[in-house]
Each structure stands twice: as C-alpha cells, then as structure tokens.
Amino acid sequence: MAHSVEIAVLRERAVGETRVAATPETVRKLVALGAGVVVESGAGLAAMVTDDDYIAAGARIASSDVARGADIVFGVQGPEIDLLAGVNPGAWVVAGLDPFARRDRVEAYAAAGLEALAMEFMPRITRAQSMDILSSQSNLSGYKAVLVAANLYGRAFPMMMTAAGTVSAAKVFVMGVGVAGLQAIATARRLGAQVSATDVRSATKEQILSLGAKPIFVENVAGIEGEGAGGYATEMSPEYQKAQAELVSGHLAKQDIVITTALIPGRAAPRLISDEQVATMKRGSVIYDLAVAQGGNVEGSVADEIVERHGVRIVGFANTPAQLPADASALFARNLYNFLAAFWDKDKGRPLLDEEIGNAIRLTQGRKVVHERLLG
Numbered sequence: 070m071a072h073s074v075e076i077a078v079l080r081e082r083a084v085g086e087t088r089v090a091a092t093p094e095t096v097r098k099l100v101a102l103g104a105g106v107v108v109e110s111g112a113g114l115a116a117m118v119t120d121d122d123y124i125a126a127g128a129r130i131a132s133s134d135v136a137r138g139a140d141i142v143f144g145v146q147g148p149e150i151d152l153l154a155g156v157n158p159g160a161w162v163v164a165g166l167d168p169f170a171r172r173d174r175v176e177a178y179a180a181a182g183l184e185a186l187a188m189e190f191m192p193r194i195t196r197a198q199s200m201d202i203l204s205s206q207s208n209l210s211g212y213k214a215v216l217v218a219a220n221l222y223g224r225a226f227p228m229m230m231t232a233a234g235t236v237s238a239a240k241v242f243v244m245g246v247g248v249a250g251l252q253a254i255a256t257a258r259r260l261g262a263q264v265s266a267t268d269v270r271s272a273t274k275e276q277i278l279s280l281g282a283k284p285i286f287v288e289n290v291a292g293i294e295g296e297g298a299g300g301y302a303t304e305m306s307p308e309y310q311k312a313q314a315e316l317v318s319g320h321l322a323k324q325d326i327v328i329t330t331a332l333i334p335g336r337a338a339p340r341l342i343s344d345e346q347v348a349t350m351k352r353g354s355v356i357y358d359l360a361v362a363q364g365g366n367v368e369g370s371v372a373d374e375i376v377e378r379h380g381v382r383i384v385g386f387a388n389t390p391a392q393l394p395a396d397a398s399a400l401f402a403r404n405l406y407n408f409l410a411a412f413w414d415k416d417k418g419r420p421l422l423d424e425e426i427g428n429a430i431r432l433t434q435g436r437k438v439v440h441e442r443l444l445g
C-alpha cells in the first residue's frame, strides 16, 4: 500500500546525543494516521529501542539513504545537509534546529529547498503545550540536575534523627523558576532538602510557595510583573541586577546545593554567579549549571566537566536530557507526533500547518530564510 506521506527518522550524530525522535509508540500512531515510517538502523539503541521494536510497530529499517523519498524528516537535533540527500522537494525537517548557533545549516536547508521547522520555537500557547520540546526536556533536566548534584554532594539530603545524633537537611537554592527550576524544586523537596528559589518574574512566588519552598526575591526594586515574552524571563535593569546580586550573595554563602537554570532564547546565558560569589560558599557544596551549553550562568563552569573552585564543585552537562535517554526520547517523540497529528488533514493525507504556529516555527521556505528572528 502506498503511503501519502513518508517520514524518515535519522540516527543522531551529535556527540553525546542518546535520544531518538520516534519511538515504537509514536511509530504506531504515525502509521495509524496513514504515514509510512522508515527508521535508520540503530537509531534507537542508546534509548533502549531495537530495530526489531520499530519493525513490530510498523516501521521499515534502512541502513543507508534513509531520507531518500521522505516528505518529513524527524530529528532530535538538526541533521546535517548531507544526510538529507534524495528527500522530496519541499520536505519538512522537524527537529531542534539551534538556528542561532547553526545559521550555516539553516542556510543550507534553504538552498536545498527544504522547509525547516524549529521545534524549539514552538509558541507557548495552550494548544501547543503538548508539542513543546523545550518544556518536556527541561522537566527532565531539572530532575536530573538535582540527582547529579546530590550524588556529588558528600552528605545526605534529608534531615535524619539517629541514636548517634541528628543530620541536618541539605539547603538547596534554585535560581530560575521555569519548567526546569520548578522540577528541580520538586525533586529536591522529595529528597528531603530545605529548598529556596528565586526568579526575576514576580508571578513565580506563588509557584515556589506551592511546592513548599521559600521565595528569595528583591523587594525594593521592581522585577517583571507576570511573565516575560513567551514565558521566559528577559534581561533586567542594571538597578535590579545589582540589587539581586547583593541579595543572592548573602544567600549563596549558606547553601549546600545551587541549581541555575536561567536562559534567554537566542542570547548567551545570563551570568548569575561570579567566581567571587563561589568563593563565599561552603567547602563541599555543589553548583549545577543547567545553562552551561549556552555560556553558563556560573563563572568557570565547563560543559561535561566537574570544575572545582574554592572547594566548590561546579558541574553541568551540555545535554542534560540525554542523560535520561529512554524517557527523554519518549517525551520528545510524543511532542513530534502531537505536532503532526494536530495538523493532519485526513482528506489530503498529510499535515497542513496553520498560520499562527507555522509562522512561529518555520525557518525556511521557497529557498529562503523566512523567520523574522533570523532576518534582523
């Protein structure tokens, strides 16, 4: 039976990338929509999915020319252009495309006549929540950051009362209360830590309190009321930054674990902790920098290394979700399926994007770069 749309799922090539963009669960659903699915051999092995698992779900397995004849190519990270040889004219590339850092690749997609759809540009609107790869992956990142920090920390997290005496609860401070930060708070609380958190958005105070943590906020200088653009924080005034630095400095010195999560899309990560502030912390304390791949929130942090400064260990994976490959893949794959399914036209047997989401995520069309954020 001929399929109306052919979807190719490529094996990830990026160093350290363990995820895969489709799972047997989502392959079954894509086939049920009427799509054909071809998966590159070995694509799921790091995420504990075998070729046989994909075949049982209805996919075909290919070891070469995987994208040939494809109308849609799925990736976790954007595939290099040489992997897309033979795709159909106007084929969609649906992945996390990192367009600011990899503008060269975006230009190559445009020159090849491909329609590149950057899933990390998915608008933060209610109907797109189930398609949002940043939220699904950040949730896992916040969880994993606390576990890694707890493993490096040489003491227990919960308060323990024993015949030999009492062990005090660890003090955990979360900087940035987005999806990752909220999960970090929840995870640290579940482990029994005494948790505090801060953010530039005043609306997050209630969220922090609802998780049983203590909000640490600048009170005498206005922050952001409500949310920043798209649910992200934006850069603050010099006056606010100075007041926040003073507040944080006093609080940091009392903490055992610090998790930093602050990112500004398309920009280098804001610096939250200086080397001088690290020096005030207790020996044996741990900082996990979730923004290390974008330049880092913490002075001196290095991706995928444990850096020791002033007796404090600073750590951060360049790709934290890849440390949880099976669950990260399952969530990412559902995001991609939910995206296609939401726009699937049964009569035409293919997805048709609407203007609101199409304009938000489409980088290239008609052999041109078309996204307004890349045209400035």
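With our numbering applied, the sequence shown has no gaps in its numbers, which climb one by one up to 445 at the end.
Virtual Cβ for every residue (Gly too), placed ideally from N, Cα, C.
All of these numbers come straight from a predicted model, not from anything done at the bench.
Should residue i go down as buried or exposed, given a rule of 16 or more other Cβ atoms within 10 Å for buried?
i, result
"M70", "Residue confidence for M70 is low, a pLDDT of 47 falling below 50, so the modelled location carries little weight; the figure read from the coordinates is stated next. With fewer than 16 Cβ atoms within 10 Å of its Cβ, M70 is classed as exposed."
"G85", "exposed"
"K213", "buried"
"G34", "Residue 34 is absent from the model: the chain starts at 70 and stops at 445."
"L183", "buried"
"K283", "exposed"
"S133", "exposed"
"L321", "buried"
"I375", "exposed"
"D416", "exposed"
"R224", "exposed"
"M244", "buried"
"T87", "buried"
"T231", "exposed"
"M200", "buried"
"L332", "buried"
"A298", "Here A298 scores only 46 on pLDDT, less than 50, and its place in the model should not be relied on; the value that follows carries that caveat. A298 should be labelled exposed."
"R336", "exposed"
"G445", "exposed"
"L421", "exposed"
"G281", "exposed"
Between the Cα of residue i and the Cα atoms of the options, which residue gives the shortest distance?
i, options, result
"G250", "T330, A399, G103 and R431", "T330"
"A126", "R172, A139 and A104", "A104"
"V328", "A402, L278, R419 and V248", "In the sequence under discussion, the amino acid at residue 328 is Ile, which differs from the Val named in the question. That would be V248, whose Cα lies nearest to the Cα of I328."
"G159", "S133, K240, I430 and D140", "D140"
"A116", "A391, L444 and A101", "A391"
"V145", "S354, H440, R82 and G335", "R82"
"L99", "D121, L409 and D167", "L409"
"T195", "V438, I426, H440 and L443", "I426"
"A429", "K274, A255 and R442", "R442"
"V217", "A181, I356, Q206 and W161", "I356"
"K311", "R336, A337, L341 and Q324", "L341"
"I202", "M244, D167 and E149", "D167"
"Q363", "P339, M350 and V347", "P339"
"A177", "E189, D151 and K323", "D151"
"F412", "D423, G111, P192 and K274", "D423"
"D173", "P148, E189, P192 and R193", "P148"
"R403", "E94, L316 and L79", "E94"
"R270", "R259, V287 and A257", "V287"
"G380", "P307, R80 and K351", "K351"
Given a cut-off of 9 angstroms, decide if residue j and residue i are closer than it, judged by their beta-carbon atoms.
i, j, result
"T119", "S398", "no"
"A253", "V236", "no"
"I277", "A266", "yes"
"A77", "V142", "yes"
"R382", "D344", "no"
"S210", "L359", "yes"
"A238", "A219", "no"
"G385", "V371", "yes"
"V175", "L432", "yes"
"R129", "V108", "yes"
"A136", "A164", "no"
"G113", "V89", "yes"
"A185", "A179", "yes"
"L400", "N208", "yes"
I'd like the span of the alpha helix (DSSP H) that includes residue i, first residue to last.
i, result
"R382", "From DSSP, R382 is part of no alpha helix (DSSP H) but of the beta strand (DSSP E) over V381 to V384."
"A348", "D344 to A348"
"V100", "P93 to L102"
"I430", "E424 to I430"
"F286", "Counting along the chain, F286 falls outside any alpha helix (DSSP H), and DSSP gives it neither H nor E."
"L400", "P394 to A411"
So the beta strand (DSSP E) residue i belongs to, where does it begin and stop?
i, result
"I76", "V74 to V78"
"V376", "V376 to R378"
"L186", "E184 to A187"
"I356", "V355 to D358"
Please confirm whether any heavy atom of the ligand ATP lies closer than 8 angstroms to the CB of residue i.
i, result
"R97", "This structure lacks the ligand ATP; in fact it carries no ligand of any kind."
Give, in chain order, every unbroken run of the beta strand (DSSP E) that is at least 3 residues long and sits entirely within the stretch 222-283.
-> 229-231, 234-236, 240-244 and 263-267
Mind listing, in chain order, the continuous beta strand (DSSP E) runs of no fewer than 3 residues lying wholly within the stretch 312-336?
-> 326-329
Which ranges would you report for the beta strand (DSSP E) in the stretch 110-171 if only whole runs of at least 3 residues count?
-> 129-131, 141-146 and 161-165
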